[in-house]
Amino acid sequence: MALLICGLLANVANGLINLFWKISAHATAVAMLATVTVVYTPFLGLLLWVCALAVGWSRVRTRNHTPLQVTAGLGLTSTIVIGVFLASGLIHTW
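Quick note: the numbering used here has the sequence shown finishing at residue 114, numbered continuously throughout.
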């Protein structure tokens, strides 16, 4: 359920932001996968973050986005995932 909430929040946030500014939905999607994976399988999650950075670089390289738009997409979803997972008790803080 937490993952569905993350997806909903990320898509709504992307839609609202894209009304005024262009945020990278590709970066948002891959960052969600990478962040969730880091929670459960840290090594694989770190590998996926390398892939996320490669996707971000490709979006900038093809001139579809600026570095700030890609960074915003990566940061937005990471924040949403960590926030939802903390709120639902799936990440425990000591």
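Here a beta-carbon is modelled for each residue, glycine too, at the ideal position from N, C-alpha and C.
### Query
What do you reckon, are the CB atoms on V104 and A45 nearer than 9 angstroms?
V104 is not a Cβ neighbour of A45, given a cutoff of 9 angstroms.
### Task
To the nearest angstrom, report how far apart V90 and L67 are at their CA atoms.
For V90 and L67, the distance between alpha carbons rounds to 18 angstroms.
### Query
If we count the other Cβ atoms within 10 Å of its Cβ and call it buried at 16 or more, is A47 buried or exposed?
Label assigned to A47: buried.
### Task
Could you check what DSSP says for H46 in three-state terms: helix, strand or coil?
Residue state, collapsed to three classes: helix.
### Task
For H85, count neighbouring C-beta atoms within 10 Å of its own C-beta (all shown protein chains included) and say buried if the count is 16 or more, exposed if not.
H85 comes out buried.
### Message
Between the alpha carbons of L88 and S98, how many angstroms are there, rounded?
### Response
Distance between the alpha carbons of L88 and S98: 15 angstroms.
#### Entry: DSSP three-state assignment for S98, whether helix, strand or coil
The answer is helix: DSSP assigns S98 an H, G or I state.
### Query
Does the separation of the CB atoms of I37 and L96 fall below 9 angstroms?
Yes; because the gap between Cβ atoms is below 9 angstroms, this pair is in contact.
### Task
Would you grab the beta carbon distance between A33 and A51 for me? Rounded to a whole angstrom, and I think it's under 8 angstroms.
Taking the Cβ atoms as the reference, A33 lies roughly 12 angstroms from A51, outside the contact range of under 8 angstroms.
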